[in-house]
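J.: Chains A and B are the protein sequences, given in the same order. Here our numbering = 1-based position in the first sequence + 206. Here our numbering = 1-based position in the second sequence + 206. Don't be surprised by glycine CBs; every beta carbon is placed ideally from N, CA and C. Since the model is a prediction, treat every value here as computed from it, not as a measurement.
2 protein chains.
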Amino acid sequence: MNLLSRDTDYAVRALIYMATHEQGLVSTADLDRELKLPRPFMRKTLQTLQKAGYLSSVKGNRGGFKLVMPPAKIRLIDLMQVFQGNISLGDCLFKKKLCTCVATCPLRREVKDMEEMVTARLKAVTLADLIRNGK
Amino acid sequence: MNLLSRDTDYAVRALIYMATHEQGLVSTADLDRELKLPRPFMRKTLQTLQKAGYLSSVKGNRGGFKLVMPPAKIRLIDLMQVFQGNISLGDCLFKKKLCTCVATCPLRREVKDMEEMVTARLKAVTLADLIRNGK
DNA sequence: CTCAAATGATACCACTAAGGTATCATTTGT
DNA sequence: ACAAATGATACCTTAGTGGTATCATTTGAG
Numbered sequence: 207m208n209l210l211s212r213d214t215d216y217a218v219r220a221l222i223y224m225a226t227h228e229q230g231l232v233s234t235a236d237l238d239r240e241l242k243l244p245r246p247f248m249r250k251t252l253q254t255l256q257k258a259g260y261l262s263s264v265k266g267n268r269g270g271f272k273l274v275m276p277p278a279k280i281r282l283i284d285l286m287q288v289f290q291g292n293i294s295l296g297d298c299l300f301k302k303k304l305c306t307c308v309a310t311c312p313l314r315r316e317v318k319d320m321e322e323m324v325t326a327r328l329k330a331v332t333l334a335d336l337i338r339n340g341k
Numbered sequence: 207m208n209l210l211s212r213d214t215d216y217a218v219r220a221l222i223y224m225a226t227h228e229q230g231l232v233s234t235a236d237l238d239r240e241l242k243l244p245r246p247f248m249r250k251t252l253q254t255l256q257k258a259g260y261l262s263s264v265k266g267n268r269g270g271f272k273l274v275m276p277p278a279k280i281r282l283i284d285l286m287q288v289f290q291g292n293i294s295l296g297d298c299l300f301k302k303k304l305c306t307c308v309a310t311c312p313l314r315r316e317v318k319d320m321e322e323m324v325t326a327r328l329k330a331v332t333l334a335d336l337i338r339n340g341k
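What follows is the structure in structure tokens.
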């Protein structure tokens, strides 16, 4: 299982790079060179980050992306939400016709508890934290 | 996302039923009637539980399954392991050629920490706990 | 002015795992 | 003898993930 999807992972890597190399615009090609990640995928990821308000973009030759949000304000949980939707550890099973059985609801309660622990942690972690811990 | 797979969920339901209705053998048909779950799927699940040592089985007419392990010894994490393999929140991304980038390893560390919180909790919960909390 | 280099938008593709079904063989109480 | 049960196993369908391709548009540099 994976708490983080590939999108989220790549996004974090890209953002860390951009935050620690403040030299104007960074293009997909640059990131490809630096991070060795599949280029078209990364491109899509950056576009998403731009739409979500983390990056500004400049089109045309010598164009690229630029980080426009301070790393301390970029929470891991928000990035996950952008790429993976709402975080939940007990997704679909709730919606279905299951859980009519009272006896198993404690199971759901357990899962819900764990979900809260995890989301609390995710809310606390920012890009700035990740950069700090990486040094 | 789902911490528990359907197998695990069904298994828990079945085991709770069998633990709280100690009346000899329980057949797939019985469980189908009681829990309203897809019968052939449940059957496969019970066979797996049998192979894993939680149930004994009797073939033939009037046959069925019987719980052979005390609920207090049945840990949620073990059931999950049976149906879902080793529990992990940061699976595949580790194995790949990623994570060469030092800067993002703090991300992995975060995930690992959360994974430890969750597994600690899962280890602590037994079928007996779930039954107790359901009353 | 032209062209290459970049993003915007979007459609498409392949693979895998999860959830579920079907079938045939075997056993056994009635 | 037969129906009712499990054992074993193969198959199917679907959705999500990871990834590619394409066309349009913009723009700095020669």
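DSSP state of residue 242 of chain A, grouped into three classes?
T.: Here residue 242 of chain A refers to the residue found at position 36 when the first sequence is read from its first residue. Residue 242 of chain A falls in the coil class under three-state DSSP.
J.: Does the beta-carbon distance from residue 222 of chain A to residue 293 of chain A come in below 7 Å?
T.: Against the first sequence, residue 222 of chain A aligns to sequence position 16. Against the first sequence, residue 293 of chain A aligns to sequence position 87. Going by C-beta atoms, residue 222 of chain A is not nearer than 7 Å to residue 293 of chain A.
J.: For the region 271-288 of chain A, which residues have a beta carbon sitting closer than 8 Å to at least one beta carbon of chain B?
T.: For the region 271-288 of chain A, which is checked against every Cβ of chain B, the residues closer than 8 Å are 282.
J.: Strictly by DSSP, which residues pair up with residue 288 of chain B?
T.: Within the second sequence, the letter at position 82 stands for residue 288 of chain B. According to DSSP, residue 288 of chain B bridges with nothing at all.
J.: Determine the burial state of residue 271 of chain A: buried for a count of at least 16 other Cβ atoms within 10 Å of its Cβ, exposed for fewer.
T.: Sequence index remark: in the first sequence, residue 271 of chain A carries index 65 (1-based). Residue 271 of chain A is buried by the Cβ-count criterion.
J.: Please state whether DSSP places residue 221 of chain A in a helix, a strand or coil.
T.: If you number the first sequence from 1, residue 221 of chain A lands on position 15. Three-state result, residue 221 of chain A: helix.
J.: Please confirm if the region 208-217 of chain A is in contact with the region 250-265 of chain A, defined as three or more CB-CB distances below 8 Å between the two stretches.
T.: In short, these stretches touch, since the Cβ pair count reaches three.
J.: Considering only the alpha carbon of each residue, which of B:325, B:320, B:327 lies closest to residue 327 of chain A?
T.: Reading the first sequence from its first residue, position 121 is the one you call residue 327 of chain A. Residue 327 of chain A has its Cα closest to that of B:320, out of B:325, B:320, B:327.
J.: Since residue 233 of chain A meets chain B, which of its residues come closer than 7 Å, beta carbon to beta carbon?
T.: The count along the first sequence starts at 1 and reaches residue 233 of chain A at position 27. The premise fails here: residue 233 of chain A is roughly 18 Å from chain B at the closest Cβ pair, so nothing lies under 7 Å.
J.: Grab me the residues of residue 302 of chain B's own chain with a C-beta within less than 8 Å of its C-beta, minus the 5 sequence neighbours each way, in chain order.
T.: Position 96 of the second sequence, counted from the start, is the residue given in the question as residue 302 of chain B. Confidence is the limiting factor: at residue 302 of chain B the pLDDT is only 45, short of 50, which leaves the residue's position unreliable and the question unanswerable from this model.
J.: Look at residue 231 of chain A and residue 280 of chain A and say whether their C-beta atoms are less than 7 Å apart.
T.: For the purposes of this step, residue 231 of chain A is taken as residue 25 along the first sequence, with counting starting at 1. For the purposes of this step, residue 280 of chain A is taken as residue 74 along the first sequence, with counting starting at 1. Cβ distance not < 7 Å, so residue 231 of chain A and residue 280 of chain A don't count as in contact.
J.: Looking at residue 234 of chain A and residue 249 of chain A, is the spacing between their C-beta atoms short of 7 Å?
T.: Indexing the first sequence from 1 puts residue 249 of chain A at position 43. Indexing the first sequence from 1 puts residue 234 of chain A at position 28. Yes; because the gap between Cβ atoms is below 7 Å, this pair is in contact.
J.: Helix, strand or coil: how does DSSP classify residue 296 of chain B here?
T.: Taking the second sequence and counting its residues from 1, the one referred to as residue 296 of chain B is at position 90. Strand, per DSSP.
J.: Let me make sure I understand the geometry here. Which of B:322, B:236, B:208, B:228 has the alpha-carbon closest to that of residue 269 of chain B?
T.: Taking the second sequence and counting its residues from 1, one reaches residue 269 of chain B at position 63. When only C-alpha atoms are compared, the closest one is B:236.
J.: Which whole-angstrom value describes the C-beta separation of residue 291 of chain B and residue 318 of chain B, a residue pair presumed to lie in contact below a C-beta threshold of 8 Å?
T.: In the second sequence, counting from the first residue as 1, residue 291 of chain B sits at position 85. In the second sequence, counting from the first residue as 1, residue 318 of chain B sits at position 112. With a Cβ gap of about 18 Å, residue 291 of chain B and residue 318 of chain B do not count as contacting.
J.: Taking buried to mean at least 16 other C-beta atoms within 10 Å of its own C-beta, is residue 322 of chain B buried or exposed?
T.: Counting from 1 along the second sequence, the entry for residue 322 of chain B is found at position 116. It is exposed - the Cβ of residue 322 of chain B has fewer than 16 other Cβ atoms within 10 Å.
J.: With DSSP run on the structure shown, which of helix, strand or coil describes residue 340 of chain B?
T.: Here the question's residue 340 of chain B lines up with position 134 in the second sequence. Three-state result, residue 340 of chain B: helix.
J.: Would you mind reading off the limits of the alpha helix (DSSP H) that contains residue 317 of chain A?
T.: Against the first sequence, residue 317 of chain A aligns to sequence position 111. Taken as a continuous stretch (DSSP letters only), the alpha helix (DSSP H) holding residue 317 of chain A covers 311-330.
J.: Take residue 312 of chain B as the anchor and find which of A:324, A:339, A:289, A:330 has the nearest alpha-carbon.
T.: For the purposes of this step, residue 312 of chain B is taken as the residue at position 106 of the second sequence. The shortest C-alpha separation from residue 312 of chain B is found at A:339.
J.: Take residue 288 of chain B and list the residues in its own chain whose beta-carbon comes closer than 7 Å to its own, dropping the five residues that flank it on each side.
T.: Mapped onto the second sequence, residue 288 of chain B falls at position 82. For residue 288 of chain B, where only same-chain residues beyond five positions count, the Cβ hits under 7 Å are 254, 258.
J.: Does the distance between the C-beta of residue 253 of chain B and the nearest non-hydrogen atom of the ligand FAD fall short of 6 Å?
T.: For the ligand FAD, the structure offers nothing, since it holds no ligand at all.
J.: The beta strand (DSSP E) spanning residue 264 of chain B covers which residue range?
T.: Translated into positions along the second sequence, residue 264 of chain B becomes position 58. Here the beta strand (DSSP E) through residue 264 of chain B covers 261-264.
J.: Is residue 273 of chain A helix, strand or coil when you go by DSSP?
T.: For this step, residue 273 of chain A is matched to residue 67 along the first sequence. In this structure, residue 273 of chain A counts as strand in the three-state DSSP scheme.
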